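Colleague:
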Amino acid sequence: MARQAGPLFFTGTIDDITFYKMEGQYLARKKSSLNCKRFRTDPRFARSRKSAEKFGEASKLASEIYHQLPKEAKGKGVIGKLTREVGCLMREGKSIDEIKQALITYGQELVAIPKTIEATLTVRETKPAVATPALRFKQARYLSKWKVKPNGRLLIPGKMNSHKQNRVATRRRRKSEPELKKDILQSASKECS
Numbered sequence: 001m002a003r004q005a006g007p008l009f010f011t012g013t014i015d016d017i018t019f020y021k022m023e024g025q026y027l028a029r030k031k032s033s034l035n036c037k038r039f040r041t042d043p044r045f046a047r048s049r050k051s052a053e054k055f056g057e058a059s060k061l062a063s064e065i066y067h068q069l070p071k072e073a074k075g076k077g078v079i080g081k082l083t084r085e086v087g088c089l090m091r092e093g094k095s096i097d098e099i100k101q102a103l104i105t106y107g108q109e110l111v112a113i114p115k116t117i118e119a120t121l122t123v124r125e126t127k128p129a130v131a132t133p134a135l136r137f138k139q140a141r142y143l144s145k146w147k148v149k150p151n152g153r154l155l156i157p158g159k160m161n162s163h164k165q166n167r168v169a170t171r172r173r174r175k176s177e178p179e180l181k182k183d184i185l186q187s188a189s190k191e192c193s
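The sequence shown begins at 1 in full-length UniProt numbering and counts up one residue at a time.
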């Protein structure tokens with residue numbers, strides 16, 4: 001997969017190239033020949049369709065079980081674990097009622113056992129030093145040296161715009177004070193002679 005470079009990044013498909021963002025990086029790859037119609041009709045994907053169907057059934061059953069769990073047992077990642085367990089039990093050939101009973105007990109085991117914490121009083125003689133938060137600035141990673149100015153124009157380092165080159169070429173160099181005195185003396189001597 002190729003990385004996208006430049007000041008502009010795309011997501012989507014243009015011709016046979018798909019542009020996308022993954023883990024903060026912009027990448028590009030060749031467009032896939034797989035689509036929804038081919039997945040549903042091609043005999044090569046028969047086993048994948050069957051596996052997806054079983055996963056769908058396991059997910060529905062796990063969802064029913066999840067809603068029956070006590071509030072303490074619910075949380076992040078629980079539905080995924082339940083779906084995995086339902087899938088394993090379905091492969092073993094257990095009935096839906098057996099699966100529900102097994103997983104309700106499994107879900108109740110997930111309930112956290114309350115811990116007793118004894119409160120202790122500590123006295124500090126000095127105040128703790130308060131850490132100042134470090135300022136973090138967003139750093140742009142440039143894959144090339146081209147940059148976009150705040151006004152939206154493209155800045156290419158090493159290449160001056162033509163109007164700037166003309167201005168630099170026609171600009172006079174400012175003379176120093178001794179050079180100015182010398183010029184004045186020369187012009188005065190020309191006038192006298």
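Each residue gets a CB set at the ideal place from its N, CA and C atoms; glycine is no exception. Computed from a predicted model, the values in this text were never measured in an experiment.
Using only the alpha-carbon positions, how far apart do Tyr66 and Arg49 sit?
Modeller: Computed Cα separation, rounded: 25 angstroms.
Colleague: Assuming Met90 is part of the alpha helix (DSSP H), what are its boundary residues?
Modeller: Here the alpha helix (DSSP H) through Met90 covers 78-92.
Colleague: Could you tell me if Thr83 is buried or exposed, where buried requires 16 or more neighbouring beta carbons within 10 angstroms of its beta carbon?
Modeller: Result: buried.
Colleague: How long is the line joining the alpha carbons of Phe55 and Lys37, rounded to whole angstroms?
Modeller: In a straight line, the C-alpha of Phe55 is about 20 angstroms away from that of Lys37.
Colleague: Would you kindly work out how many angstroms separate the C-alpha atoms of Arg91 and Pro150, rounded to a whole number?
Modeller: Between Arg91 and Pro150, the C-alpha separation is close to 59 angstroms.
Colleague: In whole angstroms, what is the alpha-carbon distance linking Asp97 and Ile14?
Modeller: Straight-line Cα distance between these residues: approximately 51 angstroms.
Colleague: Using the Cα positions of Ala2 and Gly93, report the straight-line distance between them to the nearest angstrom.
Modeller: Cα to Cα, Ala2 sits roughly 45 angstroms from Gly93.
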